[in-house]
Structure formats: C-alpha cells, structure tokens
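Numbering (our numbering), first residue to last: 14 to 249. Read the structure below first, then the notes.
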C-alpha cells in the first residue's frame, strides 16, 4: 500500500511539473515572476495648442475644436504616447475588459487607444451621424457610417500595427488605435507617465511611439517584484 501510494505521489509531482512547464507563455510570469516598468515621457518645447473653428453640428460639437496632436501637461509631461515592451514574450492573454473607442463631443475618446489583437467597441455617444474611417496596411481598412441610432459597432483588428482613425463627416476628428501583440503596453496621460506591470524579468527594450514626434527606445533591466523607471524626452 505504501509503495503504491509513494508511486502515485511521485507520479503526481512529475505530471504537475510537466504541466507547469508546458504552460508556456504567461504561466511563470503570471505567478509573480515579473516586474513593473514606469516610463515618463516629457516634451522638450513650448506647449502647442491648436484650435479650429467648427460650423457643423455645433449643438454637439461646439464652435471650436482642440487639435490633440501634441498634448502637454503642466510638468511638460507628454500625453497620448504609446509605451510598449518591444519583442516581449510572456503572457498572451488580453487585459481585462473590451477596448472601447467612443465618439463624444465630436472627438475620439481616447485619442489614442492601445489594445491587443481582437474586437473593439466603437461607440457613438453624440446622437448625430458619424463615420469610422480607418487607414491601415496589415488589417482591412474600414469606412462605415455610424448613424445616431447605431450606438455601438463591433470592429475587429487581428494584426499588430498603428491605425489612423478619422471621421469623414467631421474633418477635424482624428484618433489612433495601436494594436500590440502582447499586454505589455500603456498610454501616457498628461503627466507623461505610463506603468506596465507583470513584465518578464530580464533585459527589455522599451519603445515609445507618438503620432507627431515619432519613436524612441531604451533598454532597461526588469527585476521580479521591483519597479524600474525610465525617462524619455521628445521634441519636433
């Protein structure tokens, strides 16, 4: 009996170990083996505020639109920069919650949406006619009207790339969708900061993309259970 029981326990341990190993991407990292990257992106230059007169659907759009190509906070933090870990391998599960791109106040909210490949909800909160027009190469382009009675449309982007989004009805509307192959990404707010958690330990390349100011990258050493900070400065 004891021999049989010992054999059973040993076999169970072997199977458990094999299962953990073949779990592959995300299995070890998800159990606390990763660290956090805190990136701060600053703008080197005078704040740029562009305004445009609006004369269409002013009851929803207002009479003036703010162009969000370069949004800078009080501490020169740069908003709307996509921070990601280039070539990261690990978890392949999407972040919780379905990505949402809203049209509110005749602008895309958020201005820059980062997501993993899959479905996105495109909302129309303005109760007026909008149009979703995407410009992409890896994914099929979309050019669809979204009338006021169609509050939500589901669209799908299966391949990683940066996608430009416009509205043909309101020419000043501009947004971006960054489709990334892993969950190690973030978008900076007006303080210029983005945090990426559960990044696999080891040397990692941090990449920053901004619609107007281009790309930068730096290498960092990620340690399990710790936060590593990295700074970027972007200018025209």
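Glycine is no exception: its CB is placed at the ideal position from the N, C-alpha and C atoms. All of these numbers come straight from a predicted model, not from anything done at the bench.
May I ask you to report which of helix, strand or coil DSSP gives residue i?
| i | result |
| --- | --- |
| residue 72 | helix |
| residue 81 | coil |
| residue 151 | coil |
| residue 125 | strand |
| residue 57 | coil |
| residue 102 | coil |
| residue 161 | coil |
Taking the continuous beta strand (DSSP E) assigned at residue i, which residues delimit it?
| i | result |
| --- | --- |
| residue 167 | 165-170 |
| residue 231 | 227-235 |
| residue 145 | 143-148 |
| residue 110 | Looking at the DSSP string, residue 110 is not in any beta strand (DSSP E), and its letter there is neither H nor E. |
| residue 137 | 131-137 |
| residue 93 | No beta strand (DSSP E) holds residue 93; DSSP gives it neither H nor E. |
| residue 191 | 187-192 |
Work out the CA separation of residue j and residue i for me, nearest whole Å.
| i | j | result |
| --- | --- | --- |
| residue 67 | residue 79 | 10 Å |
| residue 56 | residue 64 | 20 Å |
| residue 181 | residue 147 | 10 Å |
| residue 75 | residue 81 | 16 Å |
| residue 152 | residue 127 | 15 Å |
| residue 62 | residue 219 | 28 Å |
| residue 173 | residue 149 | 10 Å |
| residue 171 | residue 99 | 18 Å |
| residue 89 | residue 168 | 35 Å |
| residue 110 | residue 124 | 18 Å |
Going by Cα to Cα distance, which pick from the options is closest to residue i?
| i | options | result |
| --- | --- | --- |
| residue 141 | 236, 117, 235 and 218 | 117 |
| residue 70 | 119, 190 and 234 | 119 |
| residue 188 | 178, 195 and 134 | 178 |
| residue 144 | 163, 65, 151 and 132 | 163 |
| residue 237 | 214, 210 and 92 | 214 |
| residue 48 | 137, 185, 200 and 233 | 233 |
| residue 191 | 209, 222 and 156 | 222 |
| residue 156 | 176, 138 and 139 | 176 |
| residue 198 | 209, 204 and 205 | 209 |
| residue 94 | 131, 166, 111 and 204 | 204 |
| residue 160 | 216, 138 and 154 | 138 |
| residue 196 | 59, 51, 54 and 101 | 101 |
| residue 229 | 246, 241, 202 and 217 | 246 |
Quick check: does the Cβ of residue i come within less than 7 Å of any heavy atom belonging to the ligand NAD?
| i | result |
| --- | --- |
| residue 63 | The model depicted lacks the ligand NAD and carries no ligand whatsoever. |
Is there a Cβ from chain D that is less than 8 Å from the Cβ of residue i?
| i | result |
| --- | --- |
| residue 224 | Within the model displayed, chain D is absent; a lone protein chain is all it includes. |
(request) Any chance you could list the beta strand (DSSP E) runs of at least 3 consecutive residues sitting entirely within the segment 197-222, in chain order? (result) 198-200 and 206-213
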